[in-house]
Amino acid sequence: MSTIDEIMAAVRALPSGDRARLIPLLWEQVHPEDWVAPSTGWLAEANGRSDAIAAGEMPVNDWENVRARARRKAGLSE
């Protein structure tokens with residue numbers, strides 16, 4: 010059986026696209042009870058942002074605007 014270090018060395022040798030394809034395949038193999046709980050700091054940040062959005066204190070954007078902005082920044086404008 011390979012060690013994690015040996016597996017990671019093999020993963021690093023893969024082309025970037027293959028490494029990206031591997032991520033969801035690995036994630037499917039992790040049972041929810043093994044998921045690492047988010048840190049208290051991350052939860053506090055997420056809850057604070059959620060509260061600010063609910064109170065109308067934080068602007069939000071629809072998916073189309075977010076996607077278009079991300080594509081422009083990545084040089085993939087339509």
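Counted the way this note's numbering counts, the sequence shown spans residues 10 to 87.
C-beta atoms are modelled at their ideal positions from N, C-alpha and C, and glycine is treated no differently.
Fill in: Beta-carbon contacts of Ile62 that lie in its chain and below 7 Å, excluding the five residues immediately before and after
Take Ile62, set aside five residues on each side of it, and the residues of its chain with a beta-carbon closer than 7 Å to its own are Val69, in chain order.
Item to complete: Measure how close the beta-carbons of Val45 and Leu31 come, nearest whole angstrom, since I'm counting them as under 8 Å.
Response: With a Cβ gap of about 19 Å, Val45 and Leu31 do not count as contacting.
Discussion item. Just verifying my parser: in three-state terms, what is the DSSP assignment at Asp60?
Written reply: Helix at Asp60.
Worksheet entry | Whole-angstrom distance between Ala18 and Asp92, CA atom to CA atom | Any question about residue 92 goes unanswered here, given that the chain covers just 10 to 87.
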